[in-house]
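Here's the structure, in structure tokens; my notes come after.
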Amino acid sequence: MATINFTINGKKASLEDVDPEMPLLWAIRDNLGLTGTKFSCGIAQCGACTIHVDGAAIRSCVYPISAAEGKEITTIEGLSENNDHPVQKAWIEAQVPQCGYCQTGQIMAAAALLKENPNPSDEEIEATMGSVLCRCGTYPRIKKAMSQLVKK
Ligand code: FES
Ligand code: FES
5 MATINFTING
15 KKASLEDVDP
25 EMPLLWAIRD
35 NLGLTGTKFS
45 CGIAQCGACT
55 IHVDGAAIRS
65 CVYPISAAEG
75 KEITTIEGLS
85 ENNDHPVQKA
95 WIEAQVPQCG
105 YCQTGQIMAA
115 AALLKENPNP
125 SDEEIEATMG
135 SVLCRCGTYP
145 RIKKAMSQLV
155 KK
């Protein structure tokens, strides 16, 4: 067992007596009570659990908490102060969500992609967004929202 320290959504967190192999998603949802990040497949296949670690998108269901030591973590709750991150605004404008279950992952994946590359190609957008599974089929609206965000 170990004590793991990291920063999450701008605040310091210290988790004591945790299994170093425990997925970070468990800590986020169960220890810290941040339930905006979703559990679905649990094997890095669907993207529902996507968060940012030091600015990069990762799948928190397979990310051991020991790897979070000293890192800056952002979840959907910390992406913006008032749900006004450009990706969130574009998602609302394009009315992307249906059931909503996958949308945390979609938004976090999109935000990381655009931070790394403000002008991704259609292929890059499809590769990133297509890897986050949406059973409601919101991909056409995701495409529309992303087209409003990409700098021409
Ligand atoms: S729940 Fe993590 S990728 Fe599916
Ligand atoms: S909005 Fe329902 S799974 Fe994506």
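FYI, the numbering for the sequence shown is 5 to 156, going by our numbering.
Note that beta-carbon positions come from the ideal geometry of N, C-alpha and C, so glycine has one too.
Task: Candidates F43, A114, C140, of which the one nearest V66 by Cα - done: Along the sequence shown, one-based indexing puts residue 66 at 62. Among F43, A114, C140, the Cα nearest to that of V66 is on F43.
Open item on the list: Just to confirm before moving on: does the CB-CB distance between I77 and V57 stay below 7 Å?
Closed with: By one-based count along the sequence shown, residue 77 stands at place 73. By one-based count along the sequence shown, residue 57 stands at place 53. A contact, by the Cβ cut-off of 7 Å.
- [ ] Buried or exposed for T108, please, with buried defined as at least 16 other CB atoms from any protein chain shown within 10 angstroms of its CB.
- [x] By 1-based counting over the sequence shown, the position of residue 108 is 104. By the 10 Å Cβ count, T108 comes out buried.
- [ ] Could you pull out every unbroken alpha helix (DSSP H) segment of at least 4 residues lying fully inside the segment 11 to 55, listed in chain order?
- [x] none
Open item on the list: Output needed for E20: all residues of its chain with C-beta closer than 8 Å, excluding positions within five of it in sequence on either side, in chain order.
Closed with: For the purposes of this step, residue 20 is identified with residue 16 of the sequence shown, where counting begins at 1. For E20, where only same-chain residues beyond five positions count, the Cβ hits under 8 Å are T7.
TODO: If I'm right that G14 touches G82 with Cβ under 8 Å, what's the distance once you round it to whole angstroms?
DONE: The residue you call residue 14 lines up with position 10 of the sequence shown. The residue you call residue 82 lines up with position 78 of the sequence shown. At roughly 6 Å, the Cβ-Cβ gap stays under 8 Å, so G14 and G82 are in contact.
Open item on the list: Restricting to Cα atoms, I'd like to know which of I32, S18, L153 is closest to A98.
Closed with: Counting from 1 along the sequence shown, the entry for residue 98 is found at position 94. It is L153 whose Cα lies nearest to the Cα of A98.
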